[in-house]
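What follows is one structure encoded as structure tokens, with my remarks underneath.
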Amino acid sequence: MDAERDIKPFVFPTVPTTIQRNFHGPGARQPTARPLERCGTRVLPQTHRPCSAPRLSRKFWGAGDYDAVAGRSAPQPPSLQNRMCVHPEFLHSNATSHKWPFGAVAELLDNAVDEIETGGATTILLDKLIDKRNGSPALLIQDDGGGMDPDSLRRCMSFGFSEKQSGSSIGQYGNGFKTSTMRLGADAIVFSRCCTRSSGPTQSIGLLSYTFLVETGHTNVVVPMVDYKCNLMNGQTQRLERHGSKQFFSNLSALLKWSPFATEEELMQNFCDIGPHGTKIIVFNLWSNDDGNLELDFDTNPEDIMISGAPNPEQISNSVRRANENHLANRLRYSLRVYASVLYLQLPDYFRIMLRGREVERHHIASDLIYPERISYRPQSCGIIREAEVLTTIGFLKGAPTISVHGFNIYHKNRLILPFHRVLSTASSKGRSVSGVLEVDFIKPTHDKQDFEKSQLFQRLMNRLKEMTNEYWDLYSNKIGYVKVPRVRAAPTPAPPVMLAIENGPAEPSERSAPAPTQPLRWQHGNSSCVNAVPIAMAPPAFHPAPRASHANREDKGGTFHGGAWHRLGRDKKKDERRWRHDGCVIQKEEGSAGVGWQWQQIRY
Numbered sequence: 001m002d003a004e005r006d007i008k009p010f011v012f013p014t015v016p017t018t019i020q021r022n023f024h025g026p027g028a029r030q031p032t033a034r035p036l037e038r039c040g041t042r043v044l045p046q047t048h049r050p051c052s053a054p055r056l057s058r059k060f061w062g063a064g065d066y067d068a069v070a071g072r073s074a075p076q077p078p079s080l081q082n083r084m085c086v087h088p089e090f091l092h093s094n095a096t097s098h099k100w101p102f103g104a105v106a107e108l109l110d111n112a113v114d115e116i117e118t119g120g121a122t123t124i125l126l127d128k129l130i131d132k133r134n135g136s137p138a139l140l141i142q143d144d145g146g147g148m149d150p151d152s153l154r155r156c157m158s159f160g161f162s163e164k165q166s167g168s169s170i171g172q173y174g175n176g177f178k179t180s181t182m183r184l185g186a187d188a189i190v191f192s193r194c195c196t197r198s199s200g201p202t203q204s205i206g207l208l209s210y211t212f213l214v215e216t217g218h219t220n221v222v223v224p225m226v227d228y229k230c231n232l233m234n235g236q237t238q239r240l241e242r243h244g245s246k247q248f249f250s251n252l253s254a255l256l257k258w259s260p261f262a263t264e265e266e267l268m269q270n271f272c273d274i275g276p277h278g279t280k281i282i283v284f285n286l287w288s289n290d291d292g293n294l295e296l297d298f299d300t301n302p303e304d305i306m307i308s309g310a311p312n313p314e315q316i317s318n319s320v321r322r323a324n325e326n327h328l329a330n331r332l333r334y335s336l337r338v339y340a341s342v343l344y345l346q347l348p349d350y351f352r353i354m355l356r357g358r359e360v361e362r363h364h365i366a367s368d369l370i371y372p373e374r375i376s377y378r379p380q381s382c383g384i385i386r387e388a389e390v391l392t393t394i395g396f397l398k399g400a401p402t403i404s405v406h407g408f409n410i411y412h413k414n415r416l417i418l419p420f421h422r423v424l425s426t427a428s429s430k431g432r433s434v435s436g437v438l439e440v441d442f443i444k445p446t447h448d449k450q451d452f453e454k455s456q457l458f459q460r461l462m463n464r465l466k467e468m469t470n471e472y473w474d475l476y477s478n479k480i481g482y483v484k485v486p487r488v489r490a491a492p493t494p495a496p497p498v499m500l501a502i503e504n505g506p507a508e509p510s511e512r513s514a515p516a517p518t519q520p521l522r523w524q525h526g527n528s529s530c531v532n533a534v535p536i537a538m539a540p541p542a543f544h545p546a547p548r549a550s551h552a553n554r555e556d557k558g559g560t561f562h563g564g565a566w567h568r569l570g571r572d573k574k575k576d577e578r579r580w581r582h583d584g585c586v587i588q589k590e591e592g593s594a595g596v597g598w599q600w601q602q603i604r605y
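Its first residue numbered 1, the sequence shown is counted upward by one per residue in full-length UniProt numbering.
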């Protein structure tokens, strides 16, 4: 019954392994002297059995062609029939969310940073290990946080479980460990020691191995795990057989065959440098690029981890290009030390990130800005201000205008999501070297934490950052050598002049004020005389040059007259008259035989 309640299916023994059933005293777990390679690289203990060449492709983007039939199918326990299974190919497809290897490393760093508040973490280590089984490099990530008990480790290896309830936690989805480790390498082994009041000190080992699943032909993801009780006072450990000895030794056999460690003693030695609590992750069988080289370059810089194929700025002869390539905005794309230095906006003074034996110095991008300004922004949703105020620090980068870098560094809950994100796409030099820093907690990042969800709030933020860039450029571009061009506003279009009917005299067209409505003609009862008609002799002067005779036909066809919306009524051929209608009145124009001497008369319509 206990085996049926296990949340993970057990693995049947694949290789018979002789294991002594007794306690492992402190003498068996004393730290052994580990030889060092060049650059202080750690070397895993020498194993005594060869490792056959795997069928799995060592290239990440080609490792998704999984064929369970090609390998020998592993028997499945009956308890799997009523469980939802995850196919091993999902490990690879799930990891493709990380297009960039450093994005996967950042996920593992996030787990350690989250332990600052919950587990009291003070240090995280990143280093290179050598797997003596096949001589290939491996990646080590270790922290001194609270660690994981047996149940927590199983939830970590599962999909969708997240125990991070704190609002300040970076991780939220319970998917980061799987996507990040499987993006960096085909296999990962986890060692974790935890001390709880209920169960006391425990230490657990788990193996998430894509190679193991492919080579054994599994059609669902199985994770071999073993647990121990430990006494921190005398260093003794005792096997914790939670679901019987058969399952324990089945899982242990798989660990010893598919991990870099051939014996149980070698497994236990990994807890020697963990301390009373903490977690160690070793990612091995690292992926290669299309050229056959490892994606992670450990050799170019002995104190850094680089992306293979990174440019060397020292080989660039042009000084301007060399200065741009040496800028932080470009170096963080292929240097883990540079990327880790700006990955977090704020960290406690006591917390350290140790990369290959040397501490990563934190760098605040806002300190690189000259002529800085702080601009407040309050996001709105449905016209209502719902979020807290966001302060954006904006300025020119040091070295402007030589540095052709532009963009904002956008953080979410203390974590850098978008480094130097461009908001202007213009062929001109406008916005050159303008950068900024801001933290937006009201927008959700994507699962890989390398972008934001394209919501309405995000689009509004981008529009506001674009406005900030234009406004800042107009104010301060002259300080870095650009000529300040004043904005030229187009003159307002004057209103067309209007002839008004008045009682005591001719109407003068207004130049600045809006035209008044035309007064209708008032006729006197009993006769046909108009009270407010304007005699021809008192008609106002023409406010446009008189049209020439050659323009007559063009005026008739167009139906317009010098900027006014005059509509043609008709034409009397006998008197050569043209009548035009406008606002209920008709202006009659009489033309002499020579085409000159136009006269204006307002008549009733």
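All C-beta atoms, glycine included, are put in the ideal place defined by N, C-alpha and C.
These numbers were taken from a predicted model, which means no experiment stands behind them.
Contact between the segment 359-366 and the segment 421-434 is absent, with fewer than three C-beta pairs closer than 8 Å.
Distance from the CA of V390 to the CA of S376, rounded to the nearest whole angstrom, comes to 6 Å. Excluding the 5 residues flanking it on each side, G185 has same chain C-beta neighbours closer than 8 Å at A138, L139, V283, F284, N285, L286 and W287, in chain order.
Under the rule that a run must span 4 or more residues, the alpha helix (DSSP H) segments found entirely inside the segment 212-271 read 245-258 and 264-269.
Under the three-pair Cβ rule at 8 Å, the segment 187-204 counts as touching the segment 270-282.
In the structure shown, G407 falls within a strand segment according to DSSP collapsed to helix, strand and coil. Comparing alpha carbon positions, the residue from R239, V222, P224 and V223 closest to C230 is R239. Looking at L109, N478 and H87, the one whose alpha-carbon comes closest to that of F351 is L109. Judged by their CB atoms, L153 and S204 are nearer to each other than the 7 Å cut-off. S319 carries a helical assignment under DSSP once its states are collapsed to helix, strand and coil. Per the DSSP secondary-structure output, C194 pairs in a beta bridge with T202. The beta carbon of T402 sits closer than 7 Å to those of V320 and A323, all from its chain and outside the five residues before and after it, given in chain order. Looking at L256, G278 and S335, the one whose alpha-carbon comes closest to that of D114 is G278.
The beta carbons of T493 and G436 sit no closer together than 7 Å. Per DSSP, reduced to three states, the secondary structure at D143 is strand.
H327 sits in coil when the DSSP states are folded into three classes, being neither helix nor strand.
Taken through DSSP and simplified to helix, strand or coil, A366 comes out as helix. If you draw a straight line from the Cα of I316 to the Cα of H447, it is about 37 Å long. Burial state of E303 is exposed, judged by a 10 Å Cβ sphere holding fewer than 16 other Cβ atoms.
Per the DSSP secondary-structure output, I443 pairs with nothing in a beta bridge. In the same chain as S367, and ignoring 5 residues on each side of it, no C-beta atom comes closer than 6 Å to its own. Taking a contact to require three or more Cβ pairs closer than 8 Å, the segment 289-303 and the segment 241-255 do not qualify as touching. For K128, the secondary structure class from DSSP, reduced to helix, strand or coil, is strand. Under the three-state reduction of DSSP output, K479 falls in the helix class.
By DSSP's assignment, R374 forms a beta bridge with T393.
G176: member of the alpha helix (DSSP H) spanning G176 to L184, first to last residue.
In the DSSP assignment, L286 falls within the beta strand (DSSP E) that extends over G278 to L286.
If you look at F351, you'll find it isn't in any alpha helix (DSSP H); DSSP assigns it neither H nor E. With a cutoff of 7 Å on beta-carbon distance, V405 and L397 are scored as near each other.
Taking C-beta atoms as the reference points, Y339 and F102 count as a pair closer than 7 Å. Counting along the chain, the unbroken beta strand (DSSP E) around P419 starts and ends at R415 to H421.
Going by C-alpha positions, H92 is about 16 Å away from E107. Cβ neighbours of P313 within its own chain (closer than 6 Å, five residues either side excluded): R322, E325 and N326.
Contact check for I130 against D143 fails: the beta carbons are separated by 7 Å or more. Going by C-alpha positions, V222 is about 8 Å away from L213. Per DSSP, reduced to three states, the secondary structure at S435 is strand.
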